[in-house]
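*Asks:*
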Amino acid sequence: MTLKNYKPLRLMAADGEDIEIVSAVLQDAVLKVGDMAYVKAERRFALVANRFVWEEGATKESGPFIRVRTGIHFDDVIGVKARNIRQDAPSAVLSFLAARFNAGEDGAGEITLEFSGGGQILLEVESINATLKDISEPWRTRNKPDHKVD
Numbered sequence: 001m002t003l004k005n006y007k008p009l010r011l012m013a014a015d016g017e018d019i020e021i022v023s024a025v026l027q028d029a030v031l032k033v034g035d036m037a038y039v040k041a042e043r044r045f046a047l048v049a050n051r052f053v054w055e056e057g058a059t060k061e062s063g064p065f066i067r068v069r070t071g072i073h074f075d076d077v078i079g080v081k082a083r084n085i086r087q088d089a090p091s092a093v094l095s096f097l098a099a100r101f102n103a104g105e106d107g108a109g110e111i112t113l114e115f116s117g118g119g120q121i122l123l124e125v126e127s128i129n130a131t132l133k134d135i136s137e138p139w140r141t142r143n144k145p146d147h148k149v150d
């Protein structure tokens with residue numbers, strides 16, 4: 001895949017398996033603390049991040065690779081808690097690790113967004129209702145995230 005034939009990604013999540021897919025797509029995305037917001041009146045949590053395009057780069061050993069600006073919002077959110085994320089540092093950079101869903105009753109539960117350094121955002125949801133969409137033109141990057149463990 002090249003920049004020329006790149007196709008923007010758009011996903012919807014409605015269950016735990018969908019959250020696993022969203023997690024894989026967002027793995028290694030980078031964002032600033034100030035690029036996240038909870039709009040209580042709309043029961044929506046949203047973030048914008050620079051996503052590594054894994055669907056293009058997973059099997060490549062050398063670049064160039066692609067990143068793209070991606071937005072995701074979670075609806076039906078009734079509460080948000082942050083752990084180990086400095087809300088007073090909006091320019092601080094976070095690296096997205098994973099999203100997990102812990103089911104409660106009747107489709108409700110908690111979505112945990114995990115970041116490097118132990119940061120977490122906990123979303124208490126009535127149901128899983130999320131939309132992810134690429135919102136910019138892609139750009140080249142030389143580096144691929146490295147998950148080798150020494």
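Numbering (UniProt numbering), first residue to last: 1 to 150. Even glycine gets a Cβ: it sits at the ideal position worked out from N, Cα and C.
Assign D28 to one of three DSSP states: helix, strand, or coil.
*Replies:* coil
*Asks:* How about L94 and F115: do their beta carbons lie closer than 7 Å?
*Replies:* One thing to note: L94 has its Cβ within 7 Å of the Cβ of F115.
*Asks:* Report the CB separation of L26 from V48 in whole angstroms; it is logged as a contact under 8 Å.
*Replies:* 11 Å between Cβ atoms; not a contact.
*Asks:* Measuring alpha carbon to alpha carbon, tell me which residue in R10, A130, A92 and V22 is nearest R44.
*Replies:* A130
*Asks:* DSSP state of S95, grouped into three classes?
*Replies:* strand
*Asks:* Could you give the distance in angstroms between the alpha-carbon of K144 and the alpha-carbon of L113?
*Replies:* Their Cα atoms are separated by approximately 22 Å.
*Asks:* For D134, is the classification buried or exposed, using 16 other Cβ atoms within 10 angstroms of its Cβ as the cut-off for buried?
*Replies:* buried
*Asks:* For N50, which beta-bridge partners are listed by DSSP?
*Replies:* V30 and R69
*Asks:* If you run the structure through DSSP and keep just helix, strand and coil, what is A41?
*Replies:* helix
*Asks:* Who are the near neighbours of I121 in its chain, counting only those whose CB is closer than 6 Å to its CB and skipping five residues on each side?
*Replies:* A82 and L113
*Asks:* Please return the same chain residues whose Cβ sits closer than 8 Å to the Cβ of R10, not counting the five positions on each side in sequence.
*Replies:* Close CB contacts of R10 within its chain, under the 8 Å cut and outside five residues either way in sequence, are with T131, L132, K133 and D134 (chain order).
*Asks:* If the criterion is Cβ atoms closer than 7 Å, does the pair R86 and V68 meet it?
*Replies:* no
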